[in-house]
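Engineer:
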Amino acid sequence: MSSPVPRPQMLTRDTPFVDLGQRPALLVVPAARVTGAVLLILGVGLLLLGAVGLARVLPRTPRPWDLVLPLAAFAVFGAWMAVTAARTLLVERTFRFDADTVTMSRRGLTGRAGWTEPYSGFEGIALRRVLLPARYGVGRPVQQVELVHRDGRRTVRLLTADPDTIAGERVRAYADACARQLGVARLPERGTRPSGEGGGDAVRSR
Numbered sequence: 166m167s168s169p170v171p172r173p174q175m176l177t178r179d180t181p182f183v184d185l186g187q188r189p190a191l192l193v194v195p196a197a198r199v200t201g202a203v204l205l206i207l208g209v210g211l212l213l214l215g216a217v218g219l220a221r222v223l224p225r226t227p228r229p230w231d232l233v234l235p236l237a238a239f240a241v242f243g244a245w246m247a248v249t250a251a252r253t254l255l256v257e258r259t260f261r262f263d264a265d266t267v268t269m270s271r272r273g274l275t276g277r278a279g280w281t282e283p284y285s286g287f288e289g290i291a292l293r294r295v296l297l298p299a300r301y302g303v304g305r306p307v308q309q310v311e312l313v314h315r316d317g318r319r320t321v322r323l324l325t326a327d328p329d330t331i332a333g334e335r336v337r338a339y340a341d342a343c344a345r346q347l348g349v350a351r352l353p354e355r356g357t358r359p360s361g362e363g364g365g366d367a368v369r370s371r
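So the sequence shown is numbered by our numbering: it starts at 166 and just counts up by one.
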């Protein structure tokens, strides 16, 4: 069965679109390289600031604890940011949609992990409007179609569309078709919320 909507121009990924009428279908959540690079630069900077500062003040007698504690905090926080950045840069998730189940495989620093869930375990398909982060424009709304699970970590974002490039009715038609093709409920539309409050990452087809 062909998709009811053409592949639109998307705002947050080059091709975050999947035709669930053609299964098995693979989708990939790519590593957030820009975010990871920024976090890595900031983390390494804070780590170096704390480490160099500690190397200078620790030999002093008496030890200046009013400097040691903030510098140690910088070093610890910088190390945490650097590890988070490495995970962001390297972690990639793949979703495979089969006839009756969806399987998520995650590859990252700690190896591979994943889960498999039957479509009957999901609440349904939801269409909502979200506000993108500032780097995409202050308060700019987009439309998202998600396969919703009551455990938000298993919610899969199927489509992220800029309202300026694809009509709302076509997005609704896509959401309706996804619900029909997977045999799940079509959930009531949800209001605008900030991006990042629930839901999976945008995906691109492979």
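Beta carbons are placed, not taken as given, at the ideal position from N, Cα and C, and that holds for glycine.
For Phe-239, which residues does DSSP report across the bridge?
Structural biologist: Counted from its first residue, the sequence shown places residue 239 at position 74. In DSSP, Phe-239 forms no bridge with anything.
Engineer: Out of Tyr-284, Ala-338, Val-307, Leu-213, which one is the CA nearest neighbour of Ala-238?
Structural biologist: Your numbering for residue 238 matches position 73 in the sequence shown. Comparing Cα positions, the closest option is Leu-213.
Engineer: Is Gln-309 close to chain D, meaning its C-beta is less than 8 angstroms from at least one C-beta of that chain?
Structural biologist: In the structure shown, chain D does not exist; there is a single protein chain.
Engineer: Check Leu-204 in the structure and name its three-state DSSP category.
Structural biologist: In the sequence shown, the residue the question calls residue 204 occupies position 39. Helix at Leu-204.
Engineer: Which residues share a DSSP beta bridge with Ala-291?
Structural biologist: Counted from its first residue, the sequence shown places residue 291 at position 126. Bridge partners of Ala-291: Glu-311.
Engineer: Quick check on Asp-231: buried or exposed, where buried means 16 or more other Cβ atoms within 10 Å of its Cβ?
Structural biologist: On the sequence shown, residue 231 is found 66 positions in, with the first residue counted as 1. Exposed, because fewer than 16 other Cβ atoms sit within 10 Å of the Cβ of Asp-231.
Engineer: What residue range does the beta strand (DSSP E) around Val-194 cover?
Structural biologist: Taking the first residue of the sequence shown as position 1, residue 194 is located at position 29. Val-194 -> beta strand (DSSP E) spans 190 to 194.
Engineer: Taking Cβ to Cβ, would you say Gly-333 is nearer than 8 angstroms to Gln-309?
Structural biologist: Sequence index remark: in the sequence shown, residue 333 carries index 168 (1-based). Sequence index remark: in the sequence shown, residue 309 carries index 144 (1-based). For Gly-333 and Gln-309, no; Cβs fall outside 8 angstroms.
Engineer: Could you give the DSSP three-state label for Asp-184: helix, strand or coil?
Structural biologist: Looking up residue 184 in the sequence shown gives position 19. Correct three-state label for Asp-184: coil.
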